[in-house]
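Number 86 in our numbering belongs to position 86 of the sequence shown; there are no gaps in the numbering. Don't be surprised by glycine CBs; every beta carbon is placed ideally from N, CA and C. The model shown is predicted, which means the values in this text are computed figures rather than measured ones. Have a look at the structure below, then the notes.
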Amino acid sequence: MRTVAIDFDGVLHRYSKGWNGGKCYDRPTDGALIAVKQLLRDGYDVVVVTARENLYPVEEWLYKWGFPDLEVTNTKIPAIAYIDDRAVEFKGDWNCALRKVGDKTIHDYS
């Protein structure tokens, strides 16, 4: 398996206004399209992962901005890497992980 799962909001979709009624309103984050194409050239399967229930607006947005045809899912899939703007990496140390969660709570992610 050589799958890389990439989060949609805040990673591919700039998401500068937050949820905003669930609209896919913003442009891609800088370098997103180039990065996805590079991963595909390097032989990875790229899957877009979102917490959104309705996947169709995400698929439309990807098409509008010229992304290759990618699988979109709202289910966590097996992957060798997850690229997500809100992730906390776990390396076997819960104290460290909890500190990282605390660091994230000082930011406004709404």
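In terms of DSSP beta bridges, what is residue i paired with?
i, result
"residue 73", "49"
"residue 78", "None; residue 78 has no bridge partner."
"residue 34", "Bridge partners of residue 34: none, in fact."
"residue 3", "45"
"residue 9", "13"
Report the rounded CA-to-CA distance for residue i versus residue j, giving the unit in angstroms.
i, j, result
"residue 114", "residue 60", "Given that the chain is displayed from residue 1 to residue 110, the structure contains no residue 114 and the question cannot be resolved."
"residue 18", "residue 80", "28 Å"
"residue 31", "residue 74", "23 Å"
"residue 78", "residue 3", "7 Å"
Can you give me the Cβ contacts of residue i inside the same chain, cut-off strictly under 8 Å, excluding the 5 residues immediately before and after it?
i, result
"residue 65", "27, 28 and 33"
"residue 36", "6, 12, 46, 67, 68 and 70"
"residue 101", "88"
Who are the Cβ neighbours of residue i in its own chain at under 6 Å, not counting the five residues just before and after it?
i, result
"residue 10", "85"
Would you mind giving the Cβ-Cβ distance between residue i and residue j, rounded to the nearest angstrom? I have them listed as a contact below 8 Å.
i, j, result
"residue 168", "residue 8", "With the chain running from 1 to 110 in the structure shown, residue 168 is simply not present."
Any chance the region 45 to 55 sits against the region 67 to 82, with 3 or more Cβ pairs inside 8 Å? Yes: the two stretches touch, three or more of their Cβ pairs being nearer than 8 Å.
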